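Participant: Numbering (the numbering used here), first residue to last: 41 to 221.
C-beta atoms are modelled at their ideal positions from N, C-alpha and C, and glycine is treated no differently.
Keep in mind that this is a model prediction, so the values were computed, not measured.
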């Protein structure tokens, strides 16, 4: 049995956060977590029953279906999955056409959580004390006007995509990221 040596969670401003894996299962692997619970509750119940024959499919499937239908984050992830699936299918078709022409391009889907803030040097300030960092010294800079915001954004994109080919989810809240559907 494999042992877990590192949990991929961290804190930002005291809120527990974790890295989100791919919405698609790795080829040859069985779907897990959001790949299973959010996108297809009946398949989730089937997988649980395969692991334990004493479980009743209906008892497992009913709460999962209820959460899948009414939890707004489940709907957001399902919608993102549909969009990324369509884009992934389009990308694979483009790759197939490119490969038949001798070109190579690859990439898989993943979720990017990033800030749109940028640091700019304002002319006129004392450059000895007010200058841009020269190394990776700044982890995050959050202006005061953004401290009381009650929402966060998630940007879903494909690795091989540009920023223009992304899906923005703006109802994400850090205190709900650990909800299990």
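1. Should residue 81 and residue 98 be called a contact, given that it needs their Cβ atoms to be closer than 7 angstroms?
2. For residue 81, which of helix, strand or coil comes out of DSSP?
3. For residue 105, which residues in the same chain have their Cβ closer than 7 angstroms to its Cβ, ignoring the five residues on either side in sequence?
4. With a floor of 4 residues, list each alpha helix (DSSP H) that falls wholly inside the segment 89–142, ordered by position along the chain.
5. Quick check on residue 91: buried or exposed, where buried means 16 or more other Cβ atoms within 10 Å of its Cβ?
6. Alpha carbon to alpha carbon, how far is residue 111 from residue 120?
7. Take the Cβ of residue 124 as the centre, count every other Cβ of all protein chains shown within 10 Å, and call the residue buried at 16 or more, exposed below.
8. Please report how far the alpha carbon of residue 126 lies from the alpha carbon of residue 113, in whole angstroms.
Facilitator: So, from the listed chains and residues:
1. no
2. helix
3. 81
4. 97–110, 112–140
5. exposed
6. 15 angstroms
7. buried
8. 20 angstroms
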